[in-house]
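K.L.:
So the sequence shown is numbered by our numbering: it starts at 2 and just counts up by one. I have a structure here, written as structure tokens, and I will follow up with some questions on it.
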Amino acid sequence: MLLAPTLVVLLLAAAVAGVADTGVAQGMLRGMGAVSAGLIAAVGIKLMGALKSNPMGRLSCTLIGAITFVTIGLLRLPLAWVLLTLGPLASVWAAHCIKQRGAA
2 MLLAPTLVVL LLAAAVAGVA DTGVAQGMLR GMGAVSAGLI AAVGIKLMGA
52 LKSNPMGRLS CTLIGAITFV TIGLLRLPLA WVLLTLGPLA SVWAAHCIKQ
102 RGAA
């Protein structure tokens with residue numbers, strides 16, 4: 002069951018290995034990175050409407066987003082470490098806000 006997908010991936014890797022150092026291939030990868038960033042930004046913009054009803058509030062969400070941008074974009078910390086640190090902290094804060102909202 003895994004043989005066919007594994008062979009496809011290995012064949013693609015072998016095909017790309019010969020041209021990975023060319024400027025065209027590197028340009029295509031840069032282009033795919035830009036497309037990915039655009040898609041992520043579009044989803045973020047689409048989800049901004051949900052901030053009105055978010056239990057954490059707009060300020061908390063904006064602060065977490067800003068911290069994420071600074072740590073990954075400006076300080077160049079690894080994405081995995083930032084997400085593994087900020088993700089649980091944001092989840093705990095969200096649970097706290099939900100409890101507070103339910104108690105009120």
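For every residue, glycine included, the Cβ atom is placed at its ideal position computed from N, Cα and C. From a predicted model like this one, the values you see are computed outputs, not experimental measurements.
1) Express the C-alpha separation of Met2 and Ile68 in angstroms, rounding to a whole number.
2) Please report the residue range of the alpha helix (DSSP H) in which Pro89 lies.
3) Pairing CB atoms from the segment 54-68 with CB atoms from the segment 94-101, are three or more of them under 8 Å?
4) Under the three-state reduction of DSSP, which class applies to Met51: helix, strand or coil?
5) Taking all protein chains shown into account, decide if Ala91 is buried (16 or more other Cβ within 10 angstroms of its Cβ) or exposed.
6) Using alpha carbons as the reference points, say which of Cys62, Gly39 and Leu40 lies closest to Met50.
7) Taking DSSP as the reference, what is the three-state secondary structure of Ala16?
8) Take Ala95 and list the residues in its own chain whose beta-carbon comes closer than 6 Å to its own, dropping the five residues that flank it on each side.
9) What three-state label does DSSP hand Ala21 in the structure shown?
P.N.:
Quick look at the numbers:
1) Walking along the sequence shown from the start, residue 68 turns up at place 67. Walking along the sequence shown from the start, residue 2 turns up at place 1. CA-to-CA, the gap between Ile68 and Met2 works out to about 43 Å.
2) By 1-based counting over the sequence shown, the position of residue 89 is 88. It spans Leu80 to Ala104 - the alpha helix (DSSP H) in which Pro89 sits, taken as one unbroken run.
3) Between the segment 54-68 and the segment 94-101 there are three or more inter-stretch CB-CB distances shorter than 8 Å, so the stretches are counted as touching.
4) Stepping through the sequence shown from its first residue, residue 51 is reached at position 50. Reading off the sequence shown, one finds Ala at residue 51, where the question assumed Met. Ala51 falls in the helix class under three-state DSSP.
5) Locating residue 91 in the sequence shown gives position 90, where the first residue counts as 1. Buried is the call here.
6) Translated into the one-based positions of the sequence shown, residue 50 becomes position 49. Contrary to the premise, residue 50 reads as Gly rather than Met in this sequence. Ranking the options by Cα distance to Gly50, first place goes to Cys62.
7) Position 15 of the sequence shown, counted from the first residue, corresponds to residue 16. Ala16: helix per DSSP, three-state reduction.
8) Stepping through the sequence shown from its first residue, residue 95 is reached at position 94. Answer for Ala95: Met57, listed in chain order.
9) If you number the sequence shown from 1, residue 21 lands on position 20. Coil, per DSSP.
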